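J.: Dropping a structure here in structure tokens format, bear with me for questions.
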Amino acid sequence: MLLLQGVQVVNKKIGKAIWTVVILACFSLLIYLTIFDRLPKGLDSKKIVTVFSLTTTLVIYGYNHWKFLFVYWRKFCACLWGDTVSWTGKYVFYLDAEQDFVQLAKEFRKKVLNQTDVTCEDGKIQKDSANFTFNFKGLQNKIKIERSSANDYDEIVLKYSSSTSYRDSKKQVENFQKIIKKLSAASPQQIDLSKFRDSQGLKERLSVTISMRKYNPFYRLTLRHFDGDEGILKWNMVLTEDDLKVEIKKHMLRATSSNEEKIIDVLKNYIALSTVG
């Protein structure tokens with residue numbers, strides 16, 4: 000169930016500015032060609048202006064009313080203009096307390112490095128924690144694995160972080176999935192927490208936080224413009240669907256779920272809007 004059905008937010012200023020510049024430039028060109036009689040033979044300036052006006056109106060209407068056009072345009076703009084995306088992922092699961100953490104960390108590193116175009120720029124393994132810096136085809140990722148012990152089981156927390164362009168941040172989705180799979184493969188002794196009395200409420204879960212300097216990440220919302228002073232505008236929205244929880248604040252989006260597919264869907268389909276607040 001969506002808690003935010005009907006809640007709509009957007010910034011149209013940049014889009015309007017772009018369309019205004021394009022329209023003015025095209026009309027100016029038509030006026031110049033008409034005044035100085037530079038139109039190719041057989042072309043009627045009145046017909047050109049009519050077709051151009053109708054086409055422009057259709058495009059503007061589509062941008063404002065057709066969700067798919069708005070979404071693809073915003074993704075294109077974010078890729079074209081660029082922004083730095085800070086990407087932080089967290090994966091929590093539970094193991095039998097008898098499993099050797101140091102061996103787990105070594106096996107994890109080995110499995111990651113078995114991939115092509117992956118190098119380990121830094122690595123340190125200790126009794127209850129391990130830190131690695133991997134390079135995936137030019138994209139640097141910092142990974143930390145920590146262990147916390149309970150009575151009969153261990154909590155393992157994987158933390159994954161990187162800072163890339165918006166365009167490259169989409170590649171981090173694949174890298175994050177690979178890291179989770181490699182760690183799961185290195186730790187096959189995951190346990191059923193229902194057997195333990197003090198484990199109520201604990202379950203395997205993932206969360207990802209996306210932070211942007213200039214843009215604002217949104218997911219699953221039909222968007223409209225906020226009136227008012229955008230320099231001081233603040234918002235805090237929460238969307239839930241089954242066990243997926245998406246929190247949206249200024250320049251930040253955080254998704255949490257025990258279902259990996261839902262997290263990946265958020266990462267693949269969020270859009271970035273400029274200066275919404």
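Using numbering that gives the first Met the number 0, you'd call the opening residue of the sequence shown number 0 and step up by one each time. Using N, Cα and C, we set each Cβ at its ideal position, and we do this for glycine too. Here the structure is a predicted model, which is why all the values come from computation and not from measurement.
Go ahead and label Ser147 buried or exposed: buried means 16 or more other beta carbons lie within 10 angstroms of its beta carbon, across all protein chains shown.
T.: Counting Cβ neighbours within 10 Å, Ser147 comes out exposed, since fewer than 16 surround it.
J.: Measure the CB-CB distance between Gln125 and Thr132 and report whether it falls below 8 Å.
T.: no
J.: How is Lys136 classed by DSSP in three states: helix, strand or coil?
T.: Coil.
J.: Going by beta carbon distance, what residues of the same chain come within less than 8 Å of Met211, once the five residues before and after it are set aside?
T.: Asp82, Thr83, Val84, Ser85, Tyr165, His250, Met251, Ala271
J.: Taking just the CA atoms, how far does Lys261 sit from Leu222?
T.: Reliability fails at Leu222, whose pLDDT of 47 lies under 50, so the model's placement of it is uncertain and no value is given.
J.: So, under 8 Å CB-CB, Lys169 and Val111 are touching, yes? Tell me the CB distance rounded to an integer number of Å.
T.: Contact flag wrong, Cβ pair sits at about 20 Å.
J.: Can you name the start and end residues of the alpha helix (DSSP H) that Ser183 belongs to?
T.: 165 to 185
J.: Which residue comes first and which comes last in the alpha helix (DSSP H) that contains Asp95?
T.: Unbroken run through Asp95 is the beta strand (DSSP E), 83 to 95; no alpha helix (DSSP H).
J.: Identify which residue in Arg253, Lys202, Arg108, Asn268 has its Cα closest to the Cα of Val91.
T.: Per the Cα distances, Lys202.
J.: Grab me the residues of Thr118's own chain with a C-beta within less than 6 Å of its C-beta, minus the 5 sequence neighbours each way, in chain order.
T.: Asn134
J.: Applying the criterion that 16 or more other CB atoms from any shown protein chain within 10 Å of the CB defines a buried residue, is Leu238 buried or exposed?
T.: buried
J.: DSSP three-state label for Asp127, please.
T.: coil
J.: In or out: Gln171 buried (at least 16 other Cβ within 10 Å) or exposed?
T.: buried
J.: Going by DSSP in three states, Asn235 sits in which element: helix, strand or coil?
T.: Correct three-state label for Asn235: strand.
J.: In angstroms, rounded to a whole number, what distance separates the CA positions of Gly137 and Ile209?
T.: 20 Å
J.: For Asp264, does the three-state DSSP call read helix, strand or coil?
T.: In this structure, Asp264 counts as helix in the three-state DSSP scheme.
J.: Would you check if the distance between the CB atom of Glu259 and the CB atom of Ile178 is smaller than 8 Å?
T.: no
J.: Where does Arg204 sit, in a helix, a strand or coil, going by DSSP?
T.: strand
J.: Need the endpoints of the alpha helix (DSSP H) that Arg108 sits in, please.
T.: 100 to 112
J.: Take the Cβ of Ala24 as the centre, count every other Cβ of all protein chains shown within 10 Å, and call the residue buried at 16 or more, exposed below.
T.: exposed
J.: Just to confirm before moving on: does the CB-CB distance between Lys105 and Val156 stay below 8 Å?
T.: no
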